[in-house]
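Residue numbers (the numbering used here): 111 to 308.
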């Protein structure tokens with residue numbers, strides 16, 4: 111595998127993956143680098159795995175090249191696993207991080223901290239034409255705080271306090287976050303797979 115398409119239009123995410131794959135001599139491009147406009151793929155799956163695969167398999171089939179996709183979200187135990195696969199649009203359309211956070215805090219109310227356990231989940235799916243899709247999953251365990259804190263990151267970072275820390279992901283800053291995040295953990299698993307291929 112010399113080239114890989116990352117199924118994202120998120121510049122930050124695309125850059126992260128490009129840097130990661132460079133070490134292995136793999137040129138990673140994102141949907142932003144394509145000349146053609148691909149049809150949007152509906153995320154109709156009921157799990158992170160299904161949604162990631164819909165993207166990677168769908169695009170790999172159209173372009174006949176290896177494609178990596180990810181699906182991620184926040185799973186809160188006290189809310190029965192919500193927002194889960196609906197994390198980005200939890201408070202409805204259009205996507206709004208602030209409204210999503212407010213909804214989670216409202217639903218958790220004044221539950222004590224030991225009942226506010228949660229984890230970020232990231233599933234990567236790698237589809238190489240002619241092969242079965244490969245899945246790698248990473249998590250980041252923690253608890254949901256009582257208020258927003260911090261200015262870094264995005265999504266639910268300002269209310270998520272990772273295990274072993276007393277600051278939110280949004281207070282930690284990108285370098286520290288990238289060491290412990292769900293995406294970093296999923297990428298570590300992918301790294302082991304790539305090393306075994308070489």
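Note that beta-carbon positions come from the ideal geometry of N, C-alpha and C, so glycine has one too.
Round the Cβ separation of residue i and residue j to the nearest angstrom and send it over; I've been treating them as touching at under 8 Å.
| i | j | result |
| --- | --- | --- |
| residue 235 | residue 159 | 7 Å |
| residue 178 | residue 116 | 5 Å |
| residue 270 | residue 228 | 7 Å |
| residue 259 | residue 268 | 6 Å |
| residue 298 | residue 248 | 7 Å |
| residue 66 | residue 250 | Outside the shown range of the chain, which is 111 to 308, sits residue 66, and nothing can be said about it. |
| residue 239 | residue 306 | Not a contact, Cβ separation roughly 20 Å. |
| residue 293 | residue 254 | About 19 Å; that fails the 8 Å criterion. |
| residue 279 | residue 287 | 5 Å |
Assuming residue i is part of the beta strand (DSSP E), what are its boundary residues?
| i | result |
| --- | --- |
| residue 229 | 227-237 |
| residue 261 | From DSSP, residue 261 is part of no beta strand (DSSP E); its letter is neither H nor E. |
| residue 271 | 270-272 |
Since residue i is in the alpha helix (DSSP H), which residue starts that stretch and which ends it?
| i | result |
| --- | --- |
| residue 359 | The structure shown does not extend to residue 359, since the chain is modelled only from 111 through 308, so no value can be given for it. |
| residue 298 | 292-307 |
| residue 251 | Element bounds for residue 251: not the alpha helix (DSSP H) but the beta strand (DSSP E), 244-254. |
| residue 281 | 279-282 |
Quick check on the burial criterion: 16 or more other C-beta atoms within 10 angstroms. Buried or exposed for residue i?
| i | result |
| --- | --- |
| residue 183 | buried |
| residue 220 | exposed |
| residue 281 | buried |
| residue 231 | buried |
| residue 180 | buried |
| residue 246 | buried |
| residue 133 | exposed |
| residue 185 | buried |
| residue 121 | exposed |
| residue 195 | buried |
| residue 302 | exposed |
| residue 264 | exposed |
| residue 129 | exposed |
| residue 223 | exposed |
| residue 126 | buried |
**Message:** So within the region 111-182, which uninterrupted beta strand (DSSP E) runs reach at least 3 residues, ignoring any that extend past its ends?
**Reply:** For the region 111-182, whole beta strand (DSSP E) runs of length 3 or above, ordered along the chain, are 113-116, 137-140.
**Message:** Under 8 Å, with one C-beta from each stretch per pair, do the region 202-218 and the region 148-155 reach the 3-pair mark?
**Reply:** Between the region 202-218 and the region 148-155, the count of Cβ pairs shorter than 8 Å is below three; the stretches do not touch.
**Message:** Three Cβ pairs or more, each shorter than 8 Å: is that satisfied between the region 201-210 and the region 136-146?
**Reply:** no
**Prompt:** Touching or not, the region 161-175 and the region 111-128, by the rule of three or more beta carbon pairs under 8 Å?
**Reply:** yes
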